[in-house]
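In order, the protein sequence lines correspond to chains A and C.
Each residue of the first sequence is one higher than the last, beginning at 1453 in the numbering used here.
Each residue of the second sequence is one higher than the last, beginning at 97 in the numbering used here.
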Amino acid sequence: MTPRICGVEVIPDGPALLRGVDVVTDGEGNEHQVTRPVVAVCLCGRTQRDPWCDGTHKAVQEAARKAASQREDRATR
Amino acid sequence: MRLMHPRGPVSEGVFARMLRGPSEGALGIPFRTDGSAETILTDDDLQIALWALYELHYRGFTDVDERMEWDPQLIAVRGRLEALLEQAVRGLVAPFVSRAEEQAESFQAALENVIQSSDGPSLAVFLQRQATVDQYLEFLMIRSLYHLKESDPHAWVVPRLTGGAKVALAELQYDEFGAGRADQLHQELFARTLRGADLDDRYGAYVELTPAATLAANNVMSLFGLHRRLRGAAMGHLAAFETTSSLPCRKYAQGADRLGFSSEVTQYFDEHVEADAVHEHVAQRGICGAMVSEEPQLANDILVGAAANVHVGNLEGSQLISAWEAGGSALRRMEGVAA
Chain A
1453 MTPRICGVEV
1463 IPDGPALLRG
1473 VDVVTDGEGN
1483 EHQVTRPVVA
1493 VCLCGRTQRD
1503 PWCDGTHKAV
1513 QEAARKAASQ
1523 REDRATR
Chain C
97 MRLMHPRGPV
107 SEGVFARMLR
117 GPSEGALGIP
127 FRTDGSAETI
137 LTDDDLQIAL
147 WALYELHYRG
157 FTDVDERMEW
167 DPQLIAVRGR
177 LEALLEQAVR
187 GLVAPFVSRA
197 EEQAESFQAA
207 LENVIQSSDG
217 PSLAVFLQRQ
227 ATVDQYLEFL
237 MIRSLYHLKE
247 SDPHAWVVPR
257 LTGGAKVALA
267 ELQYDEFGAG
277 RADQLHQELF
287 ARTLRGADLD
297 DRYGAYVELT
307 PAATLAANNV
317 MSLFGLHRRL
327 RGAAMGHLAA
337 FETTSSLPCR
347 KYAQGADRLG
357 FSSEVTQYFD
367 EHVEADAVHE
377 HVAQRGICGA
387 MVSEEPQLAN
397 DILVGAAANV
407 HVGNLEGSQL
417 ISAWEAGGSA
427 LRRMEGVAA
């Protein structure tokens, strides 16, 4: 039998994509069944659907960008 | 689905030909040849004619002979309508694509830049916070036109790709098409949403009530999908679609919860919060990134496709919100026609 290969692809400033995985165990030892060919696991720690990425990192990054831009505006005034 | 009512002289001519079946003779149709992007994209007559012509390649109409899919006269008309649509879309997105190409340091950065170039009001925020039950139902009816054939327009591209891009598109679509389970087909999940909201779940049930801008958003996908030369635009469109889906779907689900809809209605949106958090990376990097490595000349069209998704979507969303904020309905009025 051909050995099953599990792949991990870490997205810069994003989640980790896992392929070839049946179960993901979270930090508290809970097992989560995988039903997709590829899943995104949260790496930012802010997801509301742990362990899966729900895109929250993008909202956080956007808020940080806006805050930085406002600070820049105040500094140049 | 039966052929719908025409909305003007172009769709009248096209539909009459469809119903006549295979026959000789030229098709004389009065065509416009210009107009602003917004005029073309919101022209009911042009958009319904093109939507029906495309539908011959999907599931067709029960009262139209299946051979009409490749009727030379209809294909010729389709070509003229497509030229107008493509010109309108390229004109609409050109400033956003140019800016992204000038400012970004890499293709992936330019793609992200275009996808974030939305300058319209947020339909998702409107539905999350303030839509009424009737407005939410209208949203479901209008969106059913696409979601009941979800991912079909992008499937035309599979045979046009090779290597990693093809594998990535197949991986994404396997999930869209249920990951091996018929009851998880995303088209079926949306049918369940419609049933949960006591709406008609039949394919094309609400096309008569669908406004032109929504037809245009659907036609853009078919235009990109059905032309091999536009494979870059098709996949750029898909990347933008997936990337701008996860967070809005959470808001759509929250809006449905706020209005008291059942979990049968929200399940589709819940599923897309997680699914599209995966798909956006598969589409941006796995598909579009691989395509550009293989064929660098496709980069511009990928950005055009992504921008088309964002800005035709903006046009559609802003028209829905304007109609609702004015206290009216976003559905097309059916004067003198029994719905």
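Note that beta-carbon positions come from the ideal geometry of N, C-alpha and C, so glycine has one too.
If you're wondering where the values come from, they're calculated on a predicted model, not measured in any experiment.
- Taking a 10 Å sphere around the C-beta of A/Cys1458, we find fewer than 16 other C-beta atoms and assign the residue as exposed.
- Secondary structure at C/Gln204: helix, using DSSP grouped into helix, strand and coil.
- Counting C-beta atoms within 10 angstroms of its own C-beta, C/Pro392 has fewer than 16 neighbours from the protein chains shown and is therefore classed as exposed.
- The criterion of a C-beta distance shorter than 8 Å is satisfied by C/Ile383 and C/Ala261.
- Straight-line spacing of the CA atoms in C/His375 and A/Val1493 works out to 13 Å.
- With 16 or more other CB atoms across the displayed protein chains lying within 10 angstroms of its CB, C/Ala335 is buried.
- A straight-line Cα-Cα distance of about 7 Å links C/Gly124 and C/Gly109.
- Not a single C-beta of chain A is nearer than 8 Å to the C-beta of C/His282.
- For C/His377, the enclosing alpha helix (DSSP H) covers residues 359-377.
- In this structure, DSSP gives C/His153 a state outside helix and strand, which the three-state scheme calls coil.
- With respect to the 8 Å criterion, C/Thr339 and C/Ala349 are not classified as neighbours on the basis of their beta carbons.
- Judged by beta-carbon spacing, C/Leu170 lies within the 8 Å limit of C/Met114, meaning their Cβ atoms are closer than that value.
- Within chain C, the C-beta atoms nearer than 8 Å to that of A/Gly1466 come from His377, in chain order.
- Interface annotation, C/Leu257: not in contact with chain A, CB-CB separation never under 8 Å.
- Under the 10 Å beta carbon count, A/Gln1485 is surrounded by fewer than 16 other beta carbons and is classified as exposed.
- Within chain C, not a single residue places a beta-carbon under 7 Å from that of A/Lys1518; the smallest gap is close to 12 Å.
- Proximity of A/Val1490 to chain C, defined by a Cβ-Cβ separation below 8 Å, is satisfied.
- As DSSP reads the structure, A/Glu1461 sits in a beta bridge with A/Leu1469.
- Using a Cβ-Cβ cut-off of 8 Å, A/Ala1515 does not count as an interface residue toward chain C, since no Cβ of chain C sits closer than that to its own.
- Counting the other Cβ atoms within 10 Å of the Cβ of C/Pro307 gives 16 or more, which makes it buried.
- Between the alpha carbons of C/Leu236 and C/Glu370 lies a distance of about 20 Å.
- In this structure, DSSP gives C/Ala312 a helical state, which the three-state scheme calls helix.
- Counting the other Cβ atoms within 10 Å of the Cβ of C/Val254 gives fewer than 16, which makes it exposed.
- Listed along the chain, the chain C residues whose CB falls inside 8 Å of the CB of A/Thr1477 amount to none; the nearest CB is some 18 Å away.
- Taken in chain order, the members of the stretch 1494-1512 of chain A whose beta-carbon sits within less than 7 Å of a beta-carbon on chain C are Arg1501, Trp1504, Cys1505, Asp1506, Gly1507, Lys1510, Ala1511.
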